[in-house]
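Participant: Sharing a structure with you now.
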Amino acid sequence: MSHWTVARVSISRVDRRVLERALQALAERLGTSVQRDFYVKGHRGGKWCEYALPANLPYGNAYGVSLEGGLTVYVDDYGAARRGLPTAEEFARMLHQLYVAAAVASAAEEMGMRVEAYERGEAIELLLVR
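Dropping the structure here:
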């Protein structure tokens, strides 16, 4: 496992409003907050990111999310693993899942539906009520 790790999330045409909603949900899961325009650092790496979720890592300070060149996650994987926190790949997978749920919920709300979200293990169930 390396320290400074980059994971890409495959989402074309990222909607910032939906991304912010997904990041907020992920921050709540991890017990942190969403910061804007944040320098994310790790052992032998660092990057200015549009969004960050600060984390108490032994070799870094946050999970970074950048839109430069596509949706990309940055974190010191070694430090995250030592704290029992998600790796870059796990964080990217959770962010992708929450982004899809937030996109569906946003579209449903725009159509006048009420949305109820439930977490079922690792799955997210959305109940759309008209």
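With positions in the sequence shown counted from 1, the corresponding number in the numbering used here is that position plus 69.
From the three backbone atoms N, C-alpha and C, an ideal C-beta is built for every residue, glycine too.
It should be emphasised that the depicted structure is a prediction, and the values quoted were computed from it without experimental measurement.
Please work out which residues of its chain come closer than 8 Å, Cβ to Cβ, to V198, disregarding the five sequence neighbours upstream and downstream, and give them in chain order.
Facilitator: As a first step, residue 198 must be located in the sequence shown, where it is residue number 129. Within the same chain, V198 has close Cβ partners M182, R183, V184 and E185.
Participant: So, using beta-carbon positions, are P170 and A94 closer together than 9 Å?
Facilitator: Here residue 170 refers to the residue found at position 101 when the sequence shown is read from its first residue. Here residue 94 refers to the residue found at position 25 when the sequence shown is read from its first residue. The residue asked about is misnamed: residue 170 is Ala in this sequence, not Pro. Cβ atoms of A170 and A94: closer than 9 Å.
Participant: When the Cα atoms are used, what is the spatial distance from G192 to S102?
Facilitator: Here residue 192 refers to the residue found at position 123 when the sequence shown is read from its first residue. Here residue 102 refers to the residue found at position 33 when the sequence shown is read from its first residue. Going by the sequence as given, residue 192 is Ala instead of Gly. Taking the straight line from one Cα to the other gives about 22 Å.
Participant: Tell me which residues share the same chain as E139 and place their Cβ nearer than 7 Å to its Cβ, disregarding the 5 neighbours each side in the sequence.
Facilitator: By one-based count along the sequence shown, residue 139 stands at place 70. Note on identity: in this sequence residue 139 is Gly, with Glu being the wrong assignment. Result list for G139: R77, in chain order.
Participant: Report the CB separation of L126 from R152 in whole angstroms; it is logged as a contact under 8 Å.
Facilitator: Looking up residue 126 in the sequence shown gives position 57. Looking up residue 152 in the sequence shown gives position 83. With a Cβ gap of about 6 Å, L126 and R152 count as contacting.
Participant: Within this structure, are the beta carbons of V134 and E158 separated by less than 9 Å?
Facilitator: As a working mapping, residue 134 is identified with position 65 in the sequence shown. As a working mapping, residue 158 is identified with position 89 in the sequence shown. No, these two residues do not count as a Cβ contact at 9 Å.
Participant: Answer with buried or exposed for M163, where buried requires no fewer than 16 other C-beta atoms within 10 angstroms of its C-beta.
Facilitator: Residue 163 sits at position 94 when you count from the first residue of the sequence shown. M163 is buried by the Cβ-count criterion.
Participant: Classify D145 as helix, strand or coil using the three-state DSSP reduction.
Facilitator: Indexing the sequence shown from 1 puts residue 145 at position 76. DSSP places D145 in strand when its eight states are reduced to three.
Participant: Which residue wins for smallest C-alpha separation from L92, given the options R113, T141 and V75?
Facilitator: The count along the sequence shown starts at 1 and reaches residue 92 at position 23. The option with the nearest alpha carbon to L92 is T141.
Participant: Spatial neighbours of L196 within its chain, please: CB distance less than 6 Å, with the 5 preceding and 5 following residues excluded, ordered by chain position.
Facilitator: Mapped onto the sequence shown, residue 196 falls at position 127. Excluding positions up to five away in sequence, the list reads E185.
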